[in-house]
Amino acid sequence: DGSAKEADKVYESRMSEIFAECRRVVKDDGIMVMMFTHKTQAAWQTLTRALIENGWVITASFPVESEFKSALNQKDLAAAASSIFISCRKRDMSTREPAIWQGFGGSGVLPELRSAVRQSLRDYEGLRLNAVDEMVASYGNALKVLSENWPVMNGDELVSPIDAMREASTVVAQYQMTKLT
Numbered sequence: 002d003g004s005a006k007e008a009d010k011v012y013e014s015r016m017s018e019i020f021a022e023c024r025r026v027v028k029d030d031g032i033m034v035m036m037f038t039h040k041t042q043a044a045w046q047t048l049t050r051a052l053i054e055n056g057w058v059i060t061a062s063f064p065v066e067s068e069f070k071s072a073l074n075q076k077d078l079a080a081a082a083s084s085i086f087i088s089c090r091k092r093d094m095s096t097r098e099p100a101i102w103q104g105f106g107g108s109g110v111l112p113e114l115r116s117a118v119r120q121s122l123r124d125y126e127g128l129r130l131n132a133v134d135e136m137v138a139s140y141g142n143a144l145k146v147l148s149e150n151w152p153v154m155n156g157d158e159l160v161s162p163i164d165a166m167r168e169a170s171t172v173v174a175q176y177q178m179t180k181l182t
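Under this note's numbering, residues 2 to 182 are what the sequence shown spells out, in order.
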């Protein structure tokens, strides 16, 4: 498309078109499930923004091992060995008051998000995920909380999926440090 920036715009536009069409054809009580295999926050940002802006709420996400541990394209790399399955339902599109990112006394979406990520890490312990997969799997749980509470405001600013993923990354890093020590 002429440049990386233009390619990004086209990709974002196509993702939006896809999820708008999915919303049109999925029954009101239906579930959409997709597989996403990407570890960058930018890719997750594009996916999540397209989902949320087209009326979806993430209802669950879970990692599924999809790469052989001995695969040459994975060997000695900080690569994801899992794909993330994401289930979504249609979100009520009626106007609602924005949620608050961080309120007084531990209220707001941020503490809920951190708690959800910590719980998902406990849930994933039996899977023995590598550090990259723990991080990527946590994105789905953080974005679930964000999409359930959408729109979310931090002062006068709309909280982006990247903000939610950064918080998830912090929780995961703390968890991984605790495991090491």
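The beta carbon of each residue, even a glycine, is placed where N, CA and C say it ideally should be.
- For residue 59, there is no enclosing alpha helix (DSSP H); the residue is found in the beta strand (DSSP E) stretching over 57-66.
- Distance from the CA atom of residue 128 to the CA atom of residue 155, rounded to whole angstroms, is 35 Å.
- For the 7 Å CB-CB criterion, residue 84 and residue 47 do not form a contact.
- Residue pairing for residue 101: DSSP places it in a beta bridge opposite 154.
- Membership of residue 145 in the alpha helix (DSSP H) is indicated by the continuous run 132-149.
- Residue environment: residue 145 is assigned as buried (16 or more neighbouring CB atoms within 10 Å of its CB, all protein chains considered).
- As summarised for the stretch 101-129, the continuous alpha helix (DSSP H) elements at least 4 residues long and confined to that stretch are 110-125, given in chain order.
- Take the alpha-carbon of residue 142 and the one of residue 106: they are about 23 Å apart.
- Taking the Cα positions, residue 35 is about 15 Å away from residue 17.
- Between the stretch 115-134 and the stretch 55-66, the count of C-beta pairs closer than 8 Å reaches three or more; the two stretches touch.
- Its chain contains 100, 110 as the residues whose beta carbon lies nearer than 7 Å to that of residue 150, once the 5 sequence neighbours on both sides are disregarded; these appear in chain order.
- Note: residue 35 is bridge-paired with 87 in the DSSP secondary-structure output.
- Separation of residue 13 and residue 23 (C-alpha to C-alpha, rounded to the nearest whole angstrom) is 15 Å.
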